[in-house]
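Here is the structure we will look at.
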DNA sequence: CTAAATGCAAATTATTTGCTCCATC
DNA sequence: GATGGAGCAAATAATTTGCATTTAG
């Protein structure tokens, strides 16, 4: 799912019967060019720079479509808007309540916990969709002093 | 912090210099009477039943005040509104993406994970503020079949 | 040509804020 | 009676939806 170029993605989608329209192409391109996480608003801003007529609804509708096709995913990093990204290996996110910094948790760290929850509670955790919040080292020290 | 009666809470607040107004008293009473988790809207609905003039803003402002005084806390159970509750021992919540059922995770289960994250990443998790999402047994089986 | 997608504006949901009037201490 | 709270309505923020108009295949 990762490592595919932008045009590869377009071909794959067209092959799945997805209509490749100008807005869709532009939104997907903007997403591919963005770093890991972008908000819908940010994508809209980028697309609008070249094509002011593209609307936010198209961004949201495209994200929904691409999500259904497994190409896109999003995370909620606490309060605030959802963050979209091309589908990749799922991992948990840590968001600091103080500075807002986002870091990633390697699956190897969270798997034992997820396994334990599954075993004892019969609940299958998806730690990739909502971030885990807390305090980074720096902010933690700053508040306790 | 737990085990205090409604009137105990009121006295404690008044002692801290908090003005005990009619709306505050009613909102706090509604919260105390509600089970563990209630939304602001639900609290408003309850209070309004007897006193239609009380506004939502008062509910929100009261929740904010009580939060500042450590009497109230809230959790985000995924999408949807925040859920308020009287302050109690913090624990993580599991929300099923399928049926929406909420369950609690005993701290003993999450502590080893939190400790490991703290040790290796220097990040102090607060698993009590945002719920962990995933799939309960029933919904999980239902989707994979 | 026709089903599906777009743009735009208006609706929703959850929460916050400005402001004038009212009540607690 | 002064300071802080309440109510109401309007403002925000993020997203969704209805509908008339375009467009990909």
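Residue numbers (my numbering), protein chains in the order written: chain A, 111 to 255; chain B, 111 to 255.
Cβ coordinates follow ideal geometry from the N, Cα and C atoms, glycine included.
As the structure is a computational prediction, the values presented were derived from the model and not from experiment.
As assigned by DSSP and simplified to three states, the class of residue i
i, result
"residue 138 of chain B", "helix"
"residue 241 of chain B", "coil"
"residue 249 of chain B", "helix"
"residue 176 of chain A", "helix"
"residue 120 of chain A", "helix"
"residue 164 of chain B", "coil"
"residue 199 of chain B", "coil"
"residue 128 of chain B", "coil"
Cβ pair residue i, residue j closer than 8 Å
i, j, result
"residue 150 of chain B", "residue 166 of chain B", "yes"
"residue 242 of chain A", "residue 119 of chain B", "no"
"residue 127 of chain B", "residue 240 of chain A", "no"
"residue 200 of chain B", "residue 238 of chain B", "yes"
Residue i - containing beta strand (DSSP E), residue span
i, result
"residue 220 of chain B", "Element bounds for residue 220 of chain B: not the beta strand (DSSP E) but the alpha helix (DSSP H), 217-231."
"residue 202 of chain B", "202-206"
"residue 184 of chain B", "182-186"
Proximal residues to residue i (C-beta, below 8 Å), its chain only, five neighbours per side dropped
i, result
"residue 194 of chain B", "141, 147, 148, 149, 150, 153, 173, 182, 183, 184"
"residue 228 of chain A", "234, 235"
"residue 116 of chain B", "138, 139, 142"
"residue 124 of chain B", "130"
Where the alpha helix (DSSP H) containing residue i begins and where it ends
i, result
"residue 236 of chain A", "Neither: residue 236 of chain A is in no alpha helix (DSSP H) and is coded neither H nor E."
"residue 196 of chain B", "Per DSSP, residue 196 of chain B belongs to no alpha helix (DSSP H); it is in the beta strand (DSSP E), 192-196."
Close-in-space but distant-in-sequence residues of the same chain around residue i (CB under 6 Å, 5 per side omitted)
i, result
"residue 176 of chain A", "182"
Would the segment 188-208 of chain A and the segment 199-211 of chain B be scored as touching if the rule is three or more Cβ pairs under 8 Å?
no
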